[in-house]
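Going by our numbering, the first residue of the sequence shown is number 95, and it counts up by one from there.
No residue lacks a Cβ here, since even glycine has one placed at the ideal position from N, Cα and C.
These notes concern the structure reproduced below.
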Amino acid sequence: WYGTHHKLDGAHWIVRERLGRDLDREIHRWVYVGDSTNDQRMFEAFPHSIGVANIRRFLPELTHQPRYVTPSERGAGFAEVVRHLLAHHRAA
């Protein structure tokens with residue numbers, strides 16, 4: 095990774111430019127899912143941050159950790175998040 099660009103800047107840009115919304119004003123409505131050390135800034139910014147299980151090997155290196163870690167790794171962990179969100183949305 096080179097330069098000062100990071101995922102949080104990209105998230106702000108895409109939400110503003112593509113959705114016409116302000117991420118900071120509604121960040122409590124968003125969920126961030128990551129699995130690596132370069133997700134640390136996103137884990138810090140998002141109150142609903144999730145690491146898929148393979149993040150566990152990086153946890154000692156992270157100053158800002160996800161608030162929840164899935165039982166499964168990689169795509170299976172992401173699928174767990176999606177299933178949970180869909181089940182919760184249907185129940186609401």
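Next on the checklist: Using the three-state DSSP reduction, which class does residue 163 fall into: helix, strand or coil?
Outcome noted: strand
Next on the checklist: Along the chain, where does the alpha helix (DSSP H) containing residue 108 start, and where does it finish?
Outcome noted: 101-113
Checklist entry - What's the C-alpha gap between residue 141 and residue 111? => result 22 Å
Item to check | Touch test, the segment 149-161 against the segment 114-122, Cβ-Cβ under 8 Å, three pairs minimum | outcome: no
Next on the checklist: Report the CB separation of residue 108 from residue 127 in whole angstroms; it is logged as a contact under 8 Å.
Outcome noted: 15 Å between Cβ atoms; not a contact.
Next on the checklist: Going by C-alpha to C-alpha distance, which of 138, 113, 125, 115 sits closest to residue 100?
Outcome noted: 138
Item to check | Local conformation of residue 188 per DSSP, three classes | outcome: With the chain covering 95 to 186 only, the question about residue 188 has no answer from this structure.
Item to check | Residue span of the beta strand (DSSP E) that contains residue 127, given as start and end | outcome: 126-128
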